[in-house]
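Under full-length UniProt numbering, residues 1 to 315 are what the sequence shown spells out, in order. In what follows, a single structure is set out as structure tokens and then discussed.
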Amino acid sequence: MNTSYSSANAPSRLVIASRESRLAMWQAEHVRDRLKLLYPQSDVDILGVTTRGDQLLEQTLSKLGGKSLFVKELETAMAEGRADLAVHSLKDMPMTLPDGFVIAAMLERDDARDALISNHYASLAELPAGAVVGTSSLRRQALVAARYPQLVIKPLRGNLDTRLAKLDRGEYAAIILAAAGLNRLGLAARIRSFLPPEISLPAPGQGTLAIEIAQRDDGLDLIALLAPLHHAPSALVSIAERTVSRQLGGSCQVPLSAYATISGTQMHLRAMVATPDGRRMLTAEARGPASAPEALGLHVAAQLRAQGADDILTA
Numbered sequence: 001m002n003t004s005y006s007s008a009n010a011p012s013r014l015v016i017a018s019r020e021s022r023l024a025m026w027q028a029e030h031v032r033d034r035l036k037l038l039y040p041q042s043d044v045d046i047l048g049v050t051t052r053g054d055q056l057l058e059q060t061l062s063k064l065g066g067k068s069l070f071v072k073e074l075e076t077a078m079a080e081g082r083a084d085l086a087v088h089s090l091k092d093m094p095m096t097l098p099d100g101f102v103i104a105a106m107l108e109r110d111d112a113r114d115a116l117i118s119n120h121y122a123s124l125a126e127l128p129a130g131a132v133v134g135t136s137s138l139r140r141q142a143l144v145a146a147r148y149p150q151l152v153i154k155p156l157r158g159n160l161d162t163r164l165a166k167l168d169r170g171e172y173a174a175i176i177l178a179a180a181g182l183n184r185l186g187l188a189a190r191i192r193s194f195l196p197p198e199i200s201l202p203a204p205g206q207g208t209l210a211i212e213i214a215q216r217d218d219g220l221d222l223i224a225l226l227a228p229l230h231h232a233p234s235a236l237v238s239i240a241e242r243t244v245s246r247q248l249g250g251s252c253q254v255p256l257s258a259y260a261t262i263s264g265t266q267m268h269l270r271a272m273v274a275t276p277d278g279r280r281m282l283t284a285e286a287r288g289p290a291s292a293p294e295a296l297g298l299h300v301a302a303q304l305r306a307q308g309a310d311d312i313l314t315a
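Here is the structure:
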């Protein structure tokens, strides 16, 4: 269907499935508020869901099974008809969705950079040898270990507020978080410094919100309904980044980065794959038409494979 939805023919009610953390709820509320502006006669409600990833906080994601831990329960809510759509941080979504589910829209990307938060140090370079840095990401772990081998990196799980509380209790000298999440919750003042892509290449899709839907047969075209929220340039760079990750089996178990930018009609894509200790790191980059993001992603993934990425991935 190619229905052009207006406030006259939108459904009377929509339900958004969301994780219940403060950041996830902010994201769902952001989408809810935009939908209510577009379709004022529609009731838009949020269904809070606790995912397995929110419950299992004692182990790293790489040991628990990866990104699907944060989306499965939301997909179940949609499959059962309790929700119409789900809002995710795109970087937390698996590279391949289950049959019957699609990404219907990607919102305009926020700041994609990683950010350093510390109560005593303004940069990673200032941290003394043996200082403990917290991160939940193997990607960040590898990048920090490669550049600052004198630092001690320890896992950091929990929602954003929990992670900041652990820092404030002195469990870590510094922690690394996505700048976008801090911005969204009004916590940008906690950022001591941004880690530029040259130092910490972002995760695929970092900073972008995605709306996932389930296929349905009731005639409601949710892709058309959500089209006004879709930001094409953000989608193009995300497709390129996620193509690299998908080709290399990207998950929480692989330290992998992919970051694309668009200038005019051209896209620049950089990617990295590494061992968790950062001792072996492969990088690749290429430029190509912004209109062909998947082809560019395939090309960069092939460059990494030619350098021996499969050896790192299988290890």
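Using N, Cα and C, we set each Cβ at its ideal position, and we do this for glycine too.
Residue i by DSSP, collapsed to three states: which one?
{"i": "Leu164", "result": "helix"}
{"i": "Ser62", "result": "Confidence in Ser62 is poor, its pLDDT being 48 and thus under 50, which makes the residue's placement unreliable; the coordinate value appears in the next sentence. Residue state, collapsed to three classes: helix."}
{"i": "Val152", "result": "strand"}
{"i": "Val132", "result": "strand"}
{"i": "Leu195", "result": "strand"}
{"i": "Val87", "result": "strand"}
{"i": "Leu236", "result": "helix"}
{"i": "Ala287", "result": "Residue identity differs from the one stated: residue 287 is Arg in this sequence, not Ala. Arg287: strand per DSSP, three-state reduction."}
{"i": "Leu304", "result": "helix"}
{"i": "Ala203", "result": "coil"}
{"i": "Leu282", "result": "strand"}
{"i": "Ala315", "result": "coil"}
{"i": "Ala292", "result": "coil"}
Who does residue i pair with in a DSSP beta bridge?
{"i": "Met106", "result": "Ala210"}
{"i": "Tyr259", "result": "Arg270"}
{"i": "Val15", "result": "Asp45"}
{"i": "Ala122", "result": "None; Ala122 has no bridge partner."}
{"i": "Asp114", "result": "Ala178, Leu195"}
{"i": "Phe101", "result": "Ala214"}
Under the rule that 16 or more other beta-carbon atoms within 10 Å means buried, what is residue i, buried or exposed?
{"i": "Leu61", "result": "Note that Leu61 has pLDDT 47, beneath the 50 cutoff, so the model's placement of it is unreliable and no number is given."}
{"i": "Lys91", "result": "buried"}
{"i": "Pro293", "result": "buried"}
{"i": "Gln150", "result": "exposed"}
{"i": "Asp45", "result": "exposed"}
{"i": "Ser12", "result": "exposed"}
{"i": "Ser18", "result": "buried"}
{"i": "Pro202", "result": "buried"}
{"i": "residue 354", "result": "The first residue shown for the chain is 1 and the last is 315, placing residue 354 beyond what the model contains."}
{"i": "Pro98", "result": "exposed"}
{"i": "Leu57", "result": "Confidence is the limiting factor: at Leu57 the pLDDT is only 47, short of 50, which leaves the residue's position unreliable, though a coordinate-based value still follows. By the neighbour-count rule (16 or more Cβ atoms within 10 Å), Leu57 is not buried but exposed."}
{"i": "Leu37", "result": "exposed"}
{"i": "Ala188", "result": "exposed"}
{"i": "Glu75", "result": "buried"}
{"i": "Gly219", "result": "exposed"}
{"i": "Ala145", "result": "buried"}
{"i": "Thr51", "result": "buried"}
{"i": "Ala83", "result": "buried"}
Say whether chain C places a C-beta atom closer than 8 Å to the C-beta of residue i.
{"i": "Gly186", "result": "As a matter of chain content, chain C is missing from the structure shown, which is built from one protein chain."}
Quick test of your reading: residue i and residue j, contact by CB under 8 Å. State the CB separation rounded to the nearest angstrom.
{"i": "Ala290", "j": "Ile262", "result": "5 Å"}
{"i": "residue 318", "j": "Ala28", "result": "Summary: the structure shown does not reach residue 318, with the chain confined to residues 1 through 315, and so no result is reported for it."}
Would a C-beta distance cut-off of 8 Å place residue i and residue j closer than the cut-off?
{"i": "Glu212", "j": "Ile103", "result": "yes"}
{"i": "Gly81", "j": "Gln215", "result": "no"}
{"i": "Ala105", "j": "His230", "result": "yes"}
{"i": "Ala309", "j": "Leu282", "result": "yes"}
{"i": "Arg246", "j": "Met93", "result": "no"}
{"i": "Ser118", "j": "Ala178", "result": "no"}
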